[in-house]
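Structure first, then comments.
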Amino acid sequence: MRHKVADVGGPVHYLEFGGSGRPLLMVHGLGGNALNWMAVGPAIARTHRAMAIDLAGFGQTPLHGRSATVNANAQLVFDFIETVIGEPVVLMGNSMGGHIAILEAASRPDWIHSMVLVDPAIPVTHVSRPEPLMLATMAALSVPGLAQTLLDRRVRALGPEGLVKEALALVCADPARVSADVVAAHEQLTRERDHLGRQNGRAFVQASRSIGIGMADPRFWSRVAAVTAPTLVIHGSQDRLIPLAAVRELMRRRPDWSLDVLDGVGHVPMMETPDRFLSALQCWDAYGIAPASAAS
Numbered sequence: 053m054r055h056k057v058a059d060v061g062g063p064v065h066y067l068e069f070g071g072s073g074r075p076l077l078m079v080h081g082l083g084g085n086a087l088n089w090m091a092v093g094p095a096i097a098r099t100h101r102a103m104a105i106d107l108a109g110f111g112q113t114p115l116h117g118r119s120a121t122v123n124a125n126a127q128l129v130f131d132f133i134e135t136v137i138g139e140p141v142v143l144m145g146n147s148m149g150g151h152i153a154i155l156e157a158a159s160r161p162d163w164i165h166s167m168v169l170v171d172p173a174i175p176v177t178h179v180s181r182p183e184p185l186m187l188a189t190m191a192a193l194s195v196p197g198l199a200q201t202l203l204d205r206r207v208r209a210l211g212p213e214g215l216v217k218e219a220l221a222l223v224c225a226d227p228a229r230v231s232a233d234v235v236a237a238h239e240q241l242t243r244e245r246d247h248l249g250r251q252n253g254r255a256f257v258q259a260s261r262s263i264g265i266g267m268a269d270p271r272f273w274s275r276v277a278a279v280t281a282p283t284l285v286i287h288g289s290q291d292r293l294i295p296l297a298a299v300r301e302l303m304r305r306r307p308d309w310s311l312d313v314l315d316g317v318g319h320v321p322m323m324e325t326p327d328r329f330l331s332a333l334q335c336w337d338a339y340g341i342a343p344a345s346a347a348s
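Residues 53 to 348, numbered by the numbering used here, are exactly what the sequence shown covers, in order.
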């Protein structure tokens, strides 16, 4: 795993896991970073050129005068594919990254060979028992300035270890299943990001508001309908942020897509149960199809 930085309208940090064959680009979710994929990246590199990007304002990619909204980061992902990779990719996105992947595949089909959606951020029609932390976050986002102030205070109160622990408790069915190496890497990154100060909160607030708007936009379903790339959806049955019912609705609208539900797993299966995640990925027929240049 190598850390690299590309100039894509400003510095963009990404992880290069190595490998050859068709490029596969991994895109993290809200509040995440490229390290979210470190437990599965090396295995993916056995069959693909595997990379994971830090979106603007997240991980080690600074805002650098850019926006952290979903649409802005969708443009960043496309610019990265076009200028750094230079050929069509398998695009894999978790949560907000899955939402971005759908936007990319709908608007730039020639650049997306196939797509993997991992617990994607899609419209949720009904939530019977919403997470208290999510309710508090959404309420704060509606008040200008409040969300960033509260987030800054929480960062100071919890510290790196506390922040990572709280995040894993929200996105995992069983946080204890996340490897110690993955936890330690996220704690270290959180320490390194401390010098960014209010930029941390600003990026999170921008992204949170925009993903909420994007998920509520009725045009989202027309973008889903426009996707022509073969698509696999991997979803944890115990995802408390995007419930399984939302994915069932997605599959009702796109019955040609493949779905693999991981029983007893939360919102980030590639972190919580990487072996099961890789098994689901490798069993998908489209994943094993190599480009002509790699097969020759």
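Note that beta-carbon positions come from the ideal geometry of N, C-alpha and C, so glycine has one too.
For Pro63, the enclosing beta strand (DSSP E) starts and ends at Pro63 to Gly70. At a Cβ-Cβ threshold of 8 Å, Ile164 and Ala281 count as neighbours. One Cα belongs to Thr242, the other to Ile96, and the distance between them is close to 26 Å. Residues Gly318 and Glu324 of the same chain have their beta carbon placed closer than 6 Å to that of Cys224, with the five preceding and five following residues left out of the count. Residues of the same chain with a CB within less than 8 Å of the CB of Gly93, apart from the 5 flanking positions on each side, are Met53, Leu67, Phe69, Met78, Ala102 and Ala104 in chain order. Ala259 and Leu82 do touch by the CB rule: their CB atoms are close to 5 Å apart, below 8 Å.
Counting along the chain, Val168 sits inside the beta strand (DSSP E) bounded by residues Ile164 to Val170.
Here Gly316 is exposed: its Cβ has fewer than 16 other Cβ atoms, across all protein chains shown, within 10 Å. For Arg101, the enclosing beta strand (DSSP E) covers residues Arg101 to Ile105.
For the pair Met303 and Trp309, the Cα-to-Cα distance works out to about 7 Å.
Only buried fits His80, as 16 or more other CB atoms lie within 10 angstroms of its CB. Annotation for His151: the continuous alpha helix (DSSP H) segment containing it runs Met148 to Ser159.
One thing to note: Leu284 has its Cβ within 8 Å of the Cβ of Ala338. Rounded to the nearest whole angstrom, the C-alpha separation of Ile286 and Gly211 is 32 Å.
The alpha-carbon separation between Glu301 and Leu155 amounts to approximately 18 Å. Counting along the chain, Leu311 sits inside the beta strand (DSSP E) bounded by residues Ser310 to Leu314.
With at least 16 other beta carbons inside 10 angstroms of its own, Gln127 counts as buried. One Cα belongs to Met322, the other to Arg229, and the distance between them is close to 11 Å. Here Phe110 really is in contact with Gly84; their C-beta atoms are around 7 Å apart, less than 8 Å. Closest by C-alpha distance to Gln240, out of Leu87, Gly73, Ala153 and Gly266, is Leu87.
For Pro270 and Arg118, the gap between their C-alpha atoms comes out near 27 Å. Between Val141 and Ile263, the C-beta spacing is not below 8 Å.
Ile133 and Glu139 have their alpha carbons spaced roughly 7 Å apart. The Cβ-Cβ distance between Ile294 and Pro161 does not fall below 8 Å.
Residue burial is scored here from C-beta neighbours: Val57 has fewer than 16 other C-beta atoms within 10 angstroms and is therefore classed as exposed.
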